[in-house]
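Peer 1: Whatever position you read off the sequence shown (first residue = 1), add 386 for our numbering.
Submitted below is the structure of interest, expressed as C-alpha cells.
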Amino acid sequence: MKILKLDHIGIAVKDLDEALPFWRDVMGLEPAGTEIVEEQKVKVAFLPVGDTEIELLESTDDSGPIARFIEKNGEGVQHLAFRVDDIEEGIAYMKAQGMRMIDEKPRYGAGGAKIAFVHPKSSKGVLVEISERK
Ligand code: ZN
C-alpha cells in the first residue's frame, strides 16, 4: 500500500452553518461545496487547504455515525483520511498487518472516492480512513 498524501481531516460538527463561520471567516478557507452522503447519513462541506482538505461532517440522522460520535465525544476531529493508490490493495495490506477493518470492502464516500475505515481499536485510538480517488 502506498500513501500518496493526507487527503483530508474529518471534523464532526453539530451544525455546518454554525461551524462554517470559524473555518471560512476566521481561518480564511473557502468552502468548495457541500454534498449529502446518504449511506453515511452525513452532510459534508469540503474546505481545501494547501494539498489537503478539512471535511466538516454534520449528521443528517440521529442514528448516523457522526451523531453517535458527537454524543460520545462532543464535536471535533473525527478521522484522518489518507489517499492511497489502490484501495483494494490497501484493505488487503491492513488486514495482513493484523488491523481490524470497519470496512472489509471499499464503499463510496464524498466526491465519489472509494473509502474504507480501519477500526480505531487497531490504530491506537485514531479513526483512519484510506481513500482512493481517481
Ligand atoms: Zn473522510
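Quick reminder that beta carbons are idealized off the backbone N, C-alpha and C, glycines included.
Within 8 Å, do at least three Cβ pairs link the stretch 441 to 461 to the stretch 475 to 483?
Peer 2: Output reads no: the stretch 441 to 461 does not touch the stretch 475 to 483.
Peer 1: For the candidate residues T446, M485, K400, whose alpha-carbon lies nearest to that of E424?
Peer 2: Mapped onto the sequence shown, residue 424 falls at position 38. When each option's Cα is compared against that of E424, the closest is T446.
Peer 1: Could you tell me which residues DSSP puts in a beta bridge with L433?
Peer 2: Against the sequence shown, residue 433 aligns to sequence position 47. Per DSSP, I440.
Peer 1: Is the beta carbon of A398 within less than 8 Å of some heavy atom of the ligand ZN?
Peer 2: Start at 1 with the first residue of the sequence shown, and residue 398 comes out as number 12. No.
Peer 1: For A496, which option in D411, N459, R519, G460 has the closest C-alpha, if you only look at C-alpha atoms?
Peer 2: Stepping through the sequence shown from its first residue, residue 496 is reached at position 110. Among D411, N459, R519, G460, the Cα nearest to that of A496 belongs to R519.
Peer 1: Tell me whether G462 counts as near the ligand ZN, meaning its Cβ is closer than 8 Å to at least one heavy atom of that ligand.
Peer 2: The residue labelled residue 462 in the question sits at position 76 within the sequence shown. No, the ligand ZN has no heavy atom inside 8 Å of this Cβ.
Peer 1: Any chance the CB of A502 is under 8 Å from a heavy atom of the ligand ZN?
Peer 2: Within the sequence shown, the letter at position 116 stands for residue 502. Not under cutoff, so the answer is no.
Peer 1: In the DSSP assignment, what residue or residues form a beta bridge with L390?
Peer 2: Translated into the one-based positions of the sequence shown, residue 390 becomes position 4. In DSSP, L390 forms no bridge with anything.
Peer 1: Evaluate S449 with the Cβ neighbour count: other Cβ atoms within 10 Å of its Cβ, from every protein chain shown; 16 or more gives buried, anything less gives exposed.
Peer 2: Against the sequence shown, residue 449 aligns to sequence position 63. When all chains shown are included, S449 counts as exposed.
Peer 1: Look up L466 in the DSSP assignment and say whether it is helix, strand or coil.
Peer 2: Position 80 of the sequence shown holds residue 466. Three-state DSSP puts L466 in a strand.
Peer 1: I'd like the span of the alpha helix (DSSP H) that includes F408, first residue to last.
Peer 2: Position 22 of the sequence shown, counted from the first residue, corresponds to residue 408. That residue, F408, is in no alpha helix (DSSP H); it is neither H nor E in DSSP.
Peer 1: Here's the rule: buried if 16 or more other CB atoms are within 10 angstroms of the residue's CB, otherwise exposed. What is I516?
Peer 2: Reading the sequence shown from its first residue, position 130 is the one you call residue 516. Classification for I516: buried.
Peer 1: Name the one or two DSSP bridge partners that R521 has.
Peer 2: One cannot answer for residue 521 here, as it falls past the ends of the chain, which runs 387 to 520.
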